[in-house]
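Participant: In the numbering used here, the protein residues as written are 17 to 361.
Glycine included, C-beta positions come from ideal geometry on N, C-alpha and C.
Please read these numbers as outputs of a predicted model, since none were measured by experiment.
A single structure is presented below for examination.
What follows is the structure, given as structure tokens:
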């Protein structure tokens, strides 16, 4: 590869795992940007991010810094691992520091809460022509497992196939397999909407329900993902892949999932505010639920599971009563609200 230096903007668990165990294989120098100077110093001294990803060794050619200017200097690849609500703020600081076009890969999963935009749209707005390529990396990957070099797979998506293949090489390692996909809308929506279903699955588990309930939520949730995705221009096949059903399986069934964990606590009686106040991790599923509820209403797309979770999270509705209401909705054919995928005029 011509590119030998890269930066990861965001030193949370996923940003750290990508820098330490993925990009470090393919780049001679990787910079990891942390918002806090104390964390950057601790990473450099301890060769470990004990706050967000304890137990994962960070190679010596991965250097942490709290200076954005230092992080992006002479880099050809910038990887953003910033929560959706804060991405634009960081981009606005990065934009004037760029001297020439760079490849930009976003790894956060969600929508911008205020504008309801996909995150790639936010990047293009803020970086403009200095974004040589804007791509998305998404898939069923827990940072804890990637950090331990467990076999994992992901999707790199860009509207530019040549760029996607170039970036595929940047992330491909013996333990991290990367596929290309040109459907950025579908890949982004899969990553955002699966967090909603993971929250719902956690709520059901917290209330003491079993595998039947979870399977129902995953399957019907997938239907909602496809329904909204197709309306927004996505290829329905994308949702059968790693960024769709693959990510759904990982986040709805694993205790590594922060969204599942948040839902579990809500199912046991805590409020969203109580759960959010008890963790330093961002619960992206809550932002995604609110944004998706608004998008679905605006576009006239029926998403009963998303709407039910929205009422639980933001209107104080009782989860158990809400589930009863969902179970007693009007009877339907299984494919009734998905028939537009195969319908012919």
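Using CA atoms only, rank isn't needed, just tell me which of 40, 27, 72 and 37 is closest to residue 57.
Facilitator: When each option's Cα is compared against that of residue 57, the closest is 27.
Participant: Distance check for residue 291 and residue 278, CA to CA, integer angstroms please.
Facilitator: C-alpha separation (whole angstroms): 6 Å.
Participant: Distance, Cα to Cα, residue 308 vs residue 338?
Facilitator: Rounded to whole angstroms, residue 308 to residue 338 spans 18 Å at the Cα level.
Participant: Helix, strand or coil for residue 51 per DSSP?
Facilitator: Coil, per DSSP.
Participant: Quick test of your reading: residue 129 and residue 330, contact by CB under 8 Å. State the CB separation rounded to the nearest angstrom.
Facilitator: The Cβ separation is near 12 Å, so there is no contact.
Participant: Which word fits residue 186, buried or exposed, when buried means at least 16 other C-beta atoms lie within 10 angstroms of its C-beta?
Facilitator: That one is buried.
Participant: Under DSSP, the beta strand (DSSP E) around residue 196 begins and ends at which residues?
Facilitator: First-last of the beta strand (DSSP E) with residue 196: 192-197.
Participant: If contacts are defined as beta-carbon pairs under 8 Å, then residue 135 and residue 100 qualify, I think. What distance do you get, rounded to the angstrom?
Facilitator: Contact holds; Cβ gap of about 6 Å.
Participant: DSSP three-state call for residue 331: helix, strand or coil?
Facilitator: Coil at residue 331, not helix or strand.
Participant: Thinking just about the alpha-carbon of each residue, which of 123, 245 and 69 is nearest to the one in residue 156?
Facilitator: Nearest option by C-alpha distance: 123.
Participant: What's the C-alpha gap between residue 151 and residue 120?
Facilitator: Each residue's Cα considered, the two are about 6 Å apart.
Participant: Taking the Cβ atom as the reference point for each residue, do residue 213 and residue 305 lie within a distance shorter than 7 Å?
Facilitator: Taking 7 Å as the Cβ cut-off, residue 213 and residue 305 do not qualify as a contacting pair.
Participant: Would you say residue 21 and residue 40 are within 7 Å of each other, going by their C-beta atoms?
Facilitator: Contact: no.
Participant: So which of 133, 52 and 153 has the shortest CA-CA distance to residue 38?
Facilitator: Among 133, 52 and 153, the Cα nearest to that of residue 38 belongs to 153.
Participant: Between which two residues does the beta strand (DSSP E) carrying residue 119 extend?
Facilitator: Residues 118-122.
Participant: Determine the direct distance from the alpha carbon of residue 332 to that of residue 285, and round the result to whole angstroms.
Facilitator: For residue 285 and residue 332, the distance between alpha carbons rounds to 11 Å.
Participant: Tell me residue 127's beta-bridge partners as DSSP assigns them.
Facilitator: DSSP output for residue 127 lists 134 as bridge partner(s).
Participant: Who are the Cβ neighbours of residue 281 in its own chain at under 7 Å, not counting the five residues just before and after it?
Facilitator: Result list for residue 281: 222 and 291, in chain order.
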